[in-house]
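Q:
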Amino acid sequence: MKTDYRKFKHIRILGFGEGTRGAVEDTIKEVKKQRPGEKIEFLQIPIEAFEEEAKGGSKKTK
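Add 687 to the 1-based position in the sequence shown for our numbering, that's all there is to it.
(1) Which residues does DSSP pair with residue 728 in a beta bridge?
(2) Alpha carbon to alpha carbon, what distance is there between residue 707 and residue 726?
(3) Would residue 711 pass as a contact of residue 702 if the rule is Cβ separation under 8 Å?
(4) Taking DSSP as the reference, what is the three-state secondary structure of residue 720?
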């Protein structure tokens with residue numbers, strides 16, 4: 688079942704690492720199809736940022 692993006696007030700797409708790039712691009716295409724002219728916020732977060740956090744914080748804070 689496809690998501691009806693017309694019912695949302697704001698759309699922000701969050702991607703984690705390179706593995707989600709294809710899924711994010713598919714989502715953006717679907718949103719543009721359902722809501723032409725919509726401004727889409729997209730934030731790509733490198734997965735390494737979460738791996739550092741899982742190890743006990745970033746290298747910058749040690």
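Using N, Cα and C, we set each Cβ at its ideal position, and we do this for glycine too.
A: In short, the structure shows the following:
(1) Bridge partners of residue 728: 699.
(2) Inter-residue distance for residue 726 and residue 707 is about 20 Å (C-alpha atoms, whole angstroms).
(3) Against a cut-off of 8 Å, the Cβ pair of residue 702 and residue 711 comes out as a contact.
(4) Residue state, collapsed to three classes: helix.
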